[in-house]
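Visitor:
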Ligand SMILES: NC(=O)c1ccc[n+]([C@@H]2O[C@H](COP(=O)([O-])OP(=O)(O)OC[C@H]3O[C@@H](n4cnc5c(N)ncnc54)[C@H](OP(=O)(O)O)[C@@H]3O)[C@@H](O)[C@H]2O)c1
C-alpha cells in the first residue's frame, strides 16, 4: 500500500504539530482536523503540504467525509483531565477510537496509527489509563492495518510538563510535590514524531504496539530538581506522602485551571517506564542533551546574554 495522504486528528496539539512537521518533511500530504482552524493554522501554516480543516471529529458523518481520499489516519486526540461531553475520557478516547475505526472502514482508509499511553490498561488504576486501554482494544480488534504507540511522558520545547515545573519553580520559594517517587522515562517529542512517520510505510509495524521511552528512568522529584538546576531556580522540593499527595491533587482539581487531579494521582501509581528497545532504529534523545536549550535560557545570565546578542545583532 502506497501512502501519500495522511488524515490527522489532534494534529494541532503539542505532539501533533511535531508529527505534522515530520510528515511534511518526508513529503506526505497532510490533512489536519481541528475544532479551531484559526488557532491551528498559526501553528501549521508554514508547512506547504499541510491543510487544516474545521471538522467535528465526533460527528459520525463529518469524520468519514474528512478521511475520504486519505491513505492513512493518525489519531492523536487525547485529554489529560476528564471533562464533560466531547471532552470526557469516554468521548475523546474510547468513542473517538470507535468512530475513527468506523470512519476508516467507511471511507476506505486502510491504515490507522493510534496514540495511546504507556501503562494504558482496561484494568488500570486511573480512569485515564482505563479509557486509553479500552481505546487500544478497539483499535486492535479492528480489521485495519493498525499500529499503536504507548509513550511515557513526552518532553519538548513546547511541552506542558517540564515547562510547567519551570513556571512553578520560578514563582514559588519552594515546591510541595505530590507523588515525588513516581517513575517516568521521558521521551523526546521529535523521537515520538519520528516513530509515527517511520511506521507509516513499514508493513512490519502493522498489528503491533510500541512502547516509546527515553534512555533514562527518573523519579518525579529528580525531574523537578533537574528543571530547577537548569533554569537557575533551585528551590527546596518537599515530597508529599501518599495521603498529602491525594489531598493536594484534590485541592488542585478544584481550581478553574486544572494542574492536577486525583485521577492523575492514580495514574502515577504505576511506573511509566519500559525496558523494550526503541523501535525503527531510533536512538532516544537524552533529556539533558536538548532541554537546556529551551529551559536554560530562563536564567537571568542567559537572558542577559540573549539581550546582548540581540542588541549586537540589531
Ligand atoms: N504529552 C504527553 O506527555 C503524552 C504522553 C502520553 C500520551 N500522550 C497522548 O498523546 C496525544 C497527544 O497529546 P498532546 O500532549 O499533544 O495533547 P494536546 O497538546 O492537548 O493536543 C490534543 C489535540 O487533540 C485535540 N483534542 C483535544 N480534545 C479534543 C476533543 N475533546 N475533541 C476533539 N479533539 C480534541 C486538540 O485539537 P483541536 O483543539 O485543534 O481541535 C489537540 O490538537 C494524546 O492522545 C495524549 O493522551 C501524550
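Residue numbers (the working numbering): 631 to 944.
C-beta: ideal position from N, C-alpha, C; glycine also.
#1: Name the DSSP bridge partner or partners of residue 631?
#2: In three-state terms, what does DSSP make of residue 683?
#3: Quick one, are the C-beta atoms of residue 704 and residue 805 less than 8 Å apart?
#4: Could you name the residues that DSSP lists as bridge partners for residue 779?
#5: Between residue 745 and ligand 1, is the CB less than 7 Å from at least one heavy atom?
#6: Does ligand 1 have a heavy atom nearer than 7 Å to the CB of residue 706?
#7: Tell me whether the beta-carbon of residue 709 lies closer than 8 Å to the beta-carbon of residue 717.
#8: Apart from the five residues just before and just after residue 657, which ones in its own chain have a Cβ nearer than 8 Å to its Cβ?
#9: Smallest Cα separation from residue 855: which of 776, 891, 821, 792?
#10: Do you know whose CA, among 720, 843, 744, lies nearest residue 730's CA?
#11: By the three-class DSSP mapping on this structure, what secondary structure does residue 849 have?
#12: Quick one, which of 654, 634, 663, 659 has its alpha-carbon nearest residue 642's?
#13: Relative to the alpha-carbon of residue 875, which residue among 760, 863, 891, 695 has its alpha-carbon at the smallest distance?
#14: Is it buried or exposed for residue 631, if we count other Cβ within 10 angstroms and need 16 for buried?
#15: Does the beta-carbon of residue 911 have 16 or more other beta-carbons within 10 angstroms, so that it is buried, or is it exposed?
#16: Distance, Cα to Cα, residue 648 vs residue 823?
Guide: If we stick to the structure as given:
#1: Taking the first residue of the chain shown as 1, we reach residue 631 at position 1. The partner list for residue 631 (beta bridge, DSSP) is empty, contrary to what the question assumes.
#2: Here residue 683 refers to the residue found at position 53 of the chain shown. Correct three-state label for residue 683: strand.
#3: Position 74 of the chain shown holds residue 704. Position 175 of the chain shown holds residue 805. Contact flag unset, no.
#4: Stepping through the chain shown from its first residue, residue 779 is reached at position 149. 745, 840, per the DSSP bridge assignment.
#5: Here residue 745 is taken as the residue at index 115 of the chain shown, counted from 1. Checking the Cβ of residue 745 against ligand 1 gives yes.
#6: Numbered from 1 along the chain shown, position 76 holds the residue referred to as residue 706. Yes, since a heavy atom of ligand 1 falls inside the 7 Å radius drawn around the Cβ of residue 706.
#7: Residue numbering aside, residue 709 sits at position 79 when the chain shown is read from its first letter. Residue numbering aside, residue 717 sits at position 87 when the chain shown is read from its first letter. Closer than 8 Å, so yes.
#8: Mapped onto the chain shown, residue 657 falls at position 27. Correct list, in chain order: 679.
#9: In the chain shown, the residue the question calls residue 855 occupies position 225. Of the candidates 776, 891, 821, 792, the one whose C-alpha sits nearest the C-alpha of residue 855 is 792.
#10: By 1-based counting over the chain shown, the position of residue 730 is 100. Answer by Cα proximity: 744.
#11: The residue labelled residue 849 in the question sits at position 219 within the chain shown. In the structure shown, residue 849 sits in a strand (DSSP, three-state: E or B).
#12: Within the chain shown, numbered from 1, the residue matching residue 642 stands at position 12. Nearest C-alpha to residue 642: 663.
#13: Your numbering for residue 875 matches position 245 in the chain shown. The residue with the shortest Cα to Cα distance from residue 875 is 891.
#14: Position 1 of the chain shown, counting from 1, holds the residue named residue 631. Its Cβ having fewer than 16 others within 10 Å, residue 631 is exposed.
#15: The residue given as residue 911 occupies position 281 in the chain shown. Burial call: exposed.
#16: Indexing the chain shown from 1 puts residue 648 at position 18. Indexing the chain shown from 1 puts residue 823 at position 193. Spanning the two alpha carbons is a distance of roughly 6 Å.
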